[in-house]
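Asker: Note that the numbering used here has the sequence shown beginning at 59, numbered continuously upward. C-beta: ideal position from N, C-alpha, C; glycine also.
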Amino acid sequence: MKVVASAPAKVILFGEHFVVYDKLAIVMAIDLHVHVTASKRSDDSIQIKSDLGFAGLFQDETYKPEFGGVEGRRILEPIKLAAEAVLNRLDDNLGVNLAIDSKIPMAVGLGSSGACAVATVAATSHLFGLDLSIEEISQLPFRAEEYVHIKPSGIDQTISTYGGVIKYRRSEGITPLKIELEVPLVIGNTGKLRNTGQLVKKVRDKRERFPKILDSIMNLGDIISTRAEEALRQGDMSRLGELMDINQGLLSAIAVSTGQLEALIFASRMAGALGSKLTGAGGGGCIVALSPKEKQDSLVKAIHQIGGTAMMVRKTDIGVRVVQFE
Ligand code: PMV
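#1: Near S356, which residues of its chain fall below 8 Å by C-beta distance, leaving aside the five closest residues on each side in sequence?
#2: Can V346 be considered in contact with the ligand PMV, in the sense that its beta carbon sits closer than 7 Å to one or more heavy atoms?
#3: Taking 7 Å as the cut-off, is the CB of F70 close to at least one heavy atom of the ligand PMV?
#4: Hey, would you say I323 sits closer than 8 Å to V261, going by beta carbons?
#5: Taking contact to mean at least 3 C-beta pairs separated by less than 8 Å, is the region 239 to 253 in contact with the region 271 to 287?
#6: Is the distance from the Cβ of S229 to the Cβ of D89 below 8 Å?
#7: The alpha helix (DSSP H) spanning E194 covers which residue range?
#8: So the candidates are T254, Q354, T233, G340; which of them puts its Cα closest to the Cα of V206?
#9: Identify every residue that forms a DSSP beta bridge with K353.
#10: Distance, Cα to Cα, P66 vs E266?
#11: Just to confirm, are I106 and K60 a CB contact at a threshold of 8 Å?
#12: By DSSP, does S171 sit in helix, in strand, or in coil?
#13: Could you tell me whether any non-hydrogen atom of the ligand PMV is closer than 7 Å to the CB of T254?
#14: Is it true that the region 164 to 172 meets the region 332 to 348, where meeting means three or more beta-carbon pairs spaced less than 8 Å apart?
#15: Where R285 and A175 are concerned, what is the direct C-alpha to C-alpha distance, given to the nearest angstrom?
#16: Would you call G221 buried or exposed, if buried means 16 or more other Cβ atoms sit within 10 Å of its Cβ?
#17: Return yes when at least one heavy atom of the ligand PMV lies under 7 Å from the C-beta of L390, else no.
#18: Would you kindly work out how many angstroms separate the C-alpha atoms of D101 and G153, rounded to a whole number?
#19: Starting from E385, follow the alpha helix (DSSP H) in both directions and report where the run begins and ends.
#20: Ends of the alpha helix (DSSP H) at Y205?
#21: From this set, A347, T95, V244, K236, which residue's C-alpha is nearest V381's C-alpha?
#22: What distance in whole Å lies between the Cβ atoms of A143 and L198, which are believed to be in contact at a cut-off of 8 Å?
#23: Can you name the start and end residues of the alpha helix (DSSP H) that P123 belongs to?
#24: Counting along the chain, where does the beta strand (DSSP E) carrying T337 start and finish?
#25: Our contact map puts S64 next to V92 with C-beta atoms below 8 Å; I'd like the distance itself, whole angstroms only.
#26: To which residues does DSSP link K373 through a beta bridge?
#27: If I'm right that M302 touches L272 with Cβ under 8 Å, what's the distance once you round it to whole angstroms?
#28: Sort A339, L134, A177 by Cα distance to S315 and report the nearest one.
#29: Can V179 be considered in contact with the ligand PMV, in the sense that its beta carbon sits closer than 7 Å to one or more heavy atoms?
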């Protein structure tokens, strides 16, 4: 018996970094998916094969690489933790084979690890007939996300579970937003991997040197996210784009943007984007450009021309789901 579950990637549309200081962030699920196939084993180990070129067997706290060497463990460990979170809810002595097929690029701020962990929980629980609520599916990957992000906000696993658009403030938690707007986007990827923790620290250090300035910038970020929520609700794309541009100015001001990111941002604006900004931690990774549908092709070309890779995506209201069961 095999079960396949899928879960979507995410973009932070507004409020990255400022969200760490209790400001509002707006996050959207996009139609790039990871698929996880789960099947039963006759022993209690967990075997994981990833299309990133790693495979291995987790057995009694040891990792036996099958291909890709021992460094595969770091990549596969969070998937194992997500599967374990489900197996721990069942009888002892159960094991699972997991195959990961992901269209979500890794370590560029699109929430690949969160999506993978959520799809793993859904596929594994379904395989063993464990009936989890949607809240449990979103919460069981917490240890997996902790492994990757040290202190995760929980945004990634939540958006991959529910889909759609959410707003998030640390002190208030996560609120789903009902957004009718289609939100066509182009993602531009610099291809440069980055480390979220280091960038968060960089902002913290800057705030220690310039507390009043950074706090003012962050308060502006909060106002931008609030206005963006209104623009999303009203379906006002051009206002939304302008707000993205203003948000990008603030991200440049706190020095998490890079020359490569700025180049992609300006290329997309010149090609007709309504607004464009980095998404996620910055320092590399991706930009997100709000694009009228008829301009999406030109944006993709413009980004390719200056050495980035580009993908047309849009909001998806579909979160995690079991797509195949045989
Ligand atoms: O690039 P990502 O998806 O890891 O996003 C980081 C978002 C930050 O606000 C920079 C950090 C955080 O924990 O919210």
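Answerer: To lay it out plainly:
#1: Position 298 of the sequence shown, counted from the first residue, corresponds to residue 356. Only A329, G330 meet the Cβ criterion.
#2: Residue mapping note: residue 346 aligns to position 288 of the sequence shown, counting from 1. Every heavy atom of the ligand PMV is 7 Å or more from the Cβ of V346, so no.
#3: Against the sequence shown, residue 70 aligns to sequence position 12. The amino acid at residue 70 is misidentified as Phe; the sequence shows Ile. Yes, the Cβ of I70 comes within 7 Å of a heavy atom of the ligand PMV.
#4: Here residue 323 corresponds to residue number 265 of the sequence shown, with the count starting at 1. Here residue 261 corresponds to residue number 203 of the sequence shown, with the count starting at 1. Taking 8 Å as the Cβ cut-off, I323 and V261 do not qualify as a contacting pair.
#5: no
#6: The residue labelled residue 229 in the question sits at position 171 within the sequence shown. The residue labelled residue 89 in the question sits at position 31 within the sequence shown. Not in contact: S229 and D89 (Cβ atoms no closer than 8 Å).
#7: The count along the sequence shown starts at 1 and reaches residue 194 at position 136. From DSSP, the alpha helix (DSSP H) with E194 extends over 192 to 197.
#8: Numbered from its first residue, the sequence shown carries residue 206 at position 148. Answer by Cα proximity: T254.
#9: For the purposes of this step, residue 353 is identified with residue 295 of the sequence shown, where counting begins at 1. Per DSSP, none; premise fails for K353.
#10: The count along the sequence shown starts at 1 and reaches residue 66 at position 8. The count along the sequence shown starts at 1 and reaches residue 266 at position 208. Taking the straight line joining both Cα atoms gives about 36 Å.
#11: Residue numbering aside, residue 106 sits at position 48 when the sequence shown is read from its first letter. Residue numbering aside, residue 60 sits at position 2 when the sequence shown is read from its first letter. It is not a contact, given that the beta carbons lie outside the stated cut-off.
#12: Along the sequence shown, one-based indexing puts residue 171 at 113. Of the three classes helix, strand and coil, the one that applies to S171 here is helix, per DSSP.
#13: The sequence position of residue 254 within the sequence shown is 196, counting from 1. Result yes, Cβ under 7 Å from the ligand PMV.
#14: yes
#15: Translated into the one-based positions of the sequence shown, residue 285 becomes position 227. Translated into the one-based positions of the sequence shown, residue 175 becomes position 117. Taking the straight line from one Cα to the other gives about 32 Å.
#16: Translated into positions along the sequence shown, residue 221 becomes position 163. So G221 counts as buried.
#17: A query on residue 390 cannot be resolved here, the shown segment of the chain reaching from 59 to 384 and no further.
#18: Walking along the sequence shown from the start, residue 101 turns up at place 43. Walking along the sequence shown from the start, residue 153 turns up at place 95. Roughly 6 Å separates the two Cα atoms.
#19: The chain is shown only over 59 to 384; residue 385 falls outside these bounds and no answer can be derived.
#20: Taking the sequence shown and counting its residues from 1, the one referred to as residue 205 is at position 147. Taken as a continuous stretch (DSSP letters only), the alpha helix (DSSP H) holding Y205 covers 200 to 207.
#21: Residue numbering aside, residue 381 sits at position 323 when the sequence shown is read from its first letter. When only C-alpha atoms are compared, the closest one is T95.
#22: On the sequence shown, position 140 is the one that residue 198 refers to. On the sequence shown, position 85 is the one that residue 143 refers to. Contact flag correct, Cβ pair sits at about 4 Å.
#23: Start at 1 with the first residue of the sequence shown, and residue 123 comes out as number 65. Premise fails: P123 lies in the beta strand (DSSP E), 120 to 125, not in any alpha helix (DSSP H).
#24: Translated into the one-based positions of the sequence shown, residue 337 becomes position 279. Unbroken beta strand (DSSP E) run through T337: 333 to 337.
#25: One-based indexing of the sequence shown puts residue 64 at position 6. One-based indexing of the sequence shown puts residue 92 at position 34. About 7 Å; that satisfies the 8 Å criterion.
#26: Residue mapping note: residue 373 aligns to position 315 of the sequence shown, counting from 1. According to DSSP, which records beta bridges pairwise, K373 is partnered with I88.
#27: Counting from 1 along the sequence shown, the entry for residue 302 is found at position 244. Counting from 1 along the sequence shown, the entry for residue 272 is found at position 214. Going by Cβ atoms, the distance from M302 to L272 rounds to 21 Å, so no, they are not a contact pair.
#28: Translated into positions along the sequence shown, residue 315 becomes position 257. When only C-alpha atoms are compared, the closest one is A339.
#29: As a position in the sequence shown, residue 179 is number 121, starting the count at 1. V179: no, Cβ never under 7 Å from the ligand PMV.
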